[in-house]
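Here the structure comes first, spelled out in C-alpha cells, and everything after it is commentary.
Number of protein chains: 2
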Amino acid sequence: MSGDEAGRQEPPRGNTLERGLQILQAFRGPGTALRLSEIARRTGLPKATVHRLTTQLVELSLLRRTESGLIPDIGLFELGELVPLKVRLREAALPYIQDLYEATHETVHLAVRDGLDVVYVEKIRGHRGVDVPSRVGGRLPLSTTGVGKVLLAFSEAELIDEVLRRPLRRLTSHSVTDAGLLQSELRRIRIAGVGYDREEASPGVSCVAAPVLVRNEIVAALSISVPSQRISNRLAPAVRTASLALSRVLNRMAPFSYGG
Amino acid sequence: MSGDEAGRQEPPRGNTLERGLQILQAFRGPGTALRLSEIARRTGLPKATVHRLTTQLVELSLLRRTESGLIPDIGLFELGELVPLKVRLREAALPYIQDLYEATHETVHLAVRDGLDVVYVEKIRGHRGVDVPSRVGGRLPLSTTGVGKVLLAFSEAELIDEVLRRPLRRLTSHSVTDAGLLQSELRRIRIAGVGYDREEASPGVSCVAAPVLVRNEIVAALSISVPSQRISNRLAPAVRTASLALSRVLNRMAPFSYGG
DNA sequence: AGGTAGCGTCTCATGCAGCGGAACGCTTTC
DNA sequence: GAAAGCGTTCCGCTGCATGAGACGCTACCT
C-alpha cells in the first residue's frame, strides 16, 4: 500500500474564492513580485491551479504580470478604497492628523483594532520623521505598540483578559512581556488618557498614543512616533488634543459609516 | 462594430472569481451598506448565488454584515495595501506632499493614469482645504482634471490621439470639450511643465498640477486644488518644486517597485 | 383581519467547470 | 549532458457551483 498514513492533505474543498484570496495574501510576505512557483509554494496549492487562478486574477486587473513576476495591480487598490473603515475614518481624521504633523513634524499613526491585533489605517511622514517599520494595512500585536496598548486599555475587560492570558509577544528587548506589568500599565493609561511606548516595538523609537472614543467606545487610536532622544513632554498634550477633537467629530457621524 | 463574433450574450461562465469581484464592485455605486437584494440587482446575479458568495466573502473578512446591510470589511482594505503602485509610490511621495501641504495648506492630490482615466492615489486635506469630490481610488476622465491633463500631455502621441478621437466628457460648464482646444493646451503644458484646471472638474475649484517623470516617462502627477478666488501665482512653483524632487527620488528606485 | 411586497434563507437535482497529476518545452546552472 | 527550476498545457474525473423555487419573516398597505 502507498504510505499515505499521514492524511495530511486538506480534503479538496473546492472553494475558488478562498483560493483566490490565498493567492493574493501570498503577497503579504517579503518581496514585491512573486513568480508562479513561489506562490504555489507559499499557498500550498498545485502549480496548475495557481496558474489557472492567477490568469483569471490578471484578467480582472487584480494582478499584473511583470518580467520579475506577478504583482498586485490597481484593481485591488481600488477595491481596498471601498472599505468605509478606511475611507470614512481616514477622511474624518485627516485634518487632525495634519494638525498633529504640522505641530511636531513627526511620524503620525492612526490605527484600529481587529481581533488581537493593531491594524494601521494611516501613516503620515515627512522628511524628518522616523521611518518606523509599520505599514498601512499591516498588523502588530496589541501589547507591543503605543496605539495597541491604548486600544486595549479602553476595551472590555473580556478582551484584556484574553490578551493577558496568552503569552505576550516580544518585538524588542523593551517589549512588555509580563502580564502583571501590562495590566498596571493599562490602568495608568485609562487614568491618564495617554499611553506610551518606549522602544517596545522598534529599537530607538518611542511613541505617545491617545484613544478616539465614540459614545464611550474606543474606535481608533492616534499616535506620534519619535526617535527616543527627541521625546518631549509637549507631545502628549498635542496627541490628546487631536484625539479629543476627532472623537467629537465622529460622535456626529452614523456608527456604521466608519466601520463600527 | 460588426466585427463582434457570435457570442453576443455571455453564456453563464462559471467563473466564481469574476462573480465575487462583481459583488465587491457593486459597492462602488452610491450607498455604503448594501442589502443582499440590492447587490443582486446591481450585479444581475441570482439572489441565491449572491447569498452563497456573500456568505463566503463574509467568512473571508472581505465583507461584514451590519444591521443596515453588507459593507466591505477590513480584509479587503488589507489586500488593497499590498499594491506597490499605491504603497511604494505613496511612501516615496508623502514627504513631498507634506511639504506642499505645509507651504499652502490646500488640498493636495497624487494621481496616476490607468487606461483613459485618472486614478487618485493620495489626497491630503486640512481644515481649510476645499473638499473636492475626488476620492482616493476614484476615477475621472483624463481630460477633465488638472492632473489628468498633465498625465495626458506627457504620454505618447498614440494615447493623446485616442483621447482626442473620442467625445470629451463634461463635468462642469467649464470643462474642455473641444479637441482642438485641448490639444493646444496639452502643448502649453509640455512647454510650461505645469497644467491648470479652472473649475473644469468641480464648480468653484481650480487647480495647478505638475508631472512626475522617471527616465522621461510620466508615472504620476501632483496637484493643488483651491477655491478659485484663492488662486495665486505662487502655487505653480511650489507644485513644480515638489514634482521635480519626487521625480529625482523615484529615478533611484527599481521601476517595478512603484508599479511601473 | 387579510393582502402584498420585500427581505434573507435553504433545498436539491443537474451538469459542467474546477481540479490537479503529469508531461512538455524552455532556460539556467553545474 | 544532466539536473533543476521555471511557466505552460493537456485531459479525464468528479465534486462543487449553480439557480429556480419554496419558505418564513417583517412591514406596510388596505
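As they're listed, the protein sequences go chains A and B. Numbered continuously in our numbering, the first sequence closes out at residue 260. Numbered continuously in our numbering, the second sequence closes out at residue 1260. Each residue gets a CB set at the ideal place from its N, CA and C atoms; glycine is no exception.
| query | result |
| --- | --- |
| Sequence-distant residues of the same chain with beta carbon closer than 7 Å to A1245(B), five excluded per side | Y1096 |
| Within chain B, the residues that N251(A) reaches when beta carbons sit closer than 8 Å | Residues of chain B passing the Cβ test: none, with the nearest at roughly 18 Å. |
| Backbone CA spacing between Q1056(B) and E158(A) [nearest angstrom] | 28 Å |
| Test: K1086(B) CB closer than 9 Å to a CB of chain A | yes |
| Three-state secondary structure assigned by DSSP to T1066(B) | strand |
| Residues of the segment 1090 to 1113 of chain B with Cβ closer than 7 Å to any Cβ of chain A, in chain order | L1094, P1095, Q1098, Y1101 and E1102 |
| CB contact flag (L1060(B), A1033(B), <9 Å) | no |
| Beta-carbon spacing of G137(A), E1078(B) below 9 Å | yes |
| Nearest candidate by alpha-carbon position, reference I1191(B), set G1020(B), N1251(B) and F1154(B) | F1154(B) |
| Straight-line gap, E88(A) to G1193(B) (C-alpha atoms, nearest Å) | The question names Glu, but residue 88(A) is Arg in the sequence shown. Whole-angstrom Cα-Cα distance: 34 Å. |
| Environment of L1181(B) [buried if 16+ CB atoms lie within 10 Å] | exposed |
| C-beta neighbour in chain A for E1018(B), strict 9 Å | yes |
| Cβ neighbour criterion (16 or more within 10 Å) applied to A1048(B) | exposed |
| Buried versus exposed call for D1073(B) [16 or more other C-beta atoms within 10 Å across all chains shown] | buried |
| A1157(B), enclosing alpha helix (DSSP H) - first and last residue | A1157 to R1165 |
| Helix, strand or coil at R261(A) [DSSP, three-state] | No answer is possible for residue 261(A): the residues shown for chain A start at 1 and end at 260. |
| Per DSSP, cross-strand counterpart(s) of I1097(B) | None; I1097(B) has no bridge partner. |
| Three-pair Cβ contact test at 8 Å for the segment 1169 to 1178 of chain B versus the segment 1139 to 1156 of chain B | yes |
| Sequence-distant residues of its chain with Cβ nearer than 6 Å to A179(A) (five each side left out) | L164 |
| Rounded C-alpha distance that separates S68(A) from G31(A) | 11 Å |
| Distance CB(E1106(B))-CB(S1202(B)) smaller than 9 Å | no |
| Alpha-carbon to alpha-carbon, L82(A) and R1042(B) | 16 Å |
| Helix, strand or coil at G1020(B) [DSSP, three-state] | helix |
| Under 9 Å between C-beta atoms of G1075(B) and G20(A) | no |
| Cutoff 8 Å; reference R135(A); Cβ partners in own chain excluding five residues on either side | Y120 and K123 |
| Endpoints, the alpha helix (DSSP H) within which H51(A) is located | K47 to E59 |
| 9 Å Cβ cutoff met for I1189(B) and V1150(B) | yes |
| Whole-angstrom C-beta distance between L250(A) and V219(A), which should lie under 8 Å | 7 Å |
| The segment 17 to 44 of chain A: positions lying closer than 7 Å to chain B by Cβ | L17, E18, G20, L21, L24, F27, R28, T32 and A33 |
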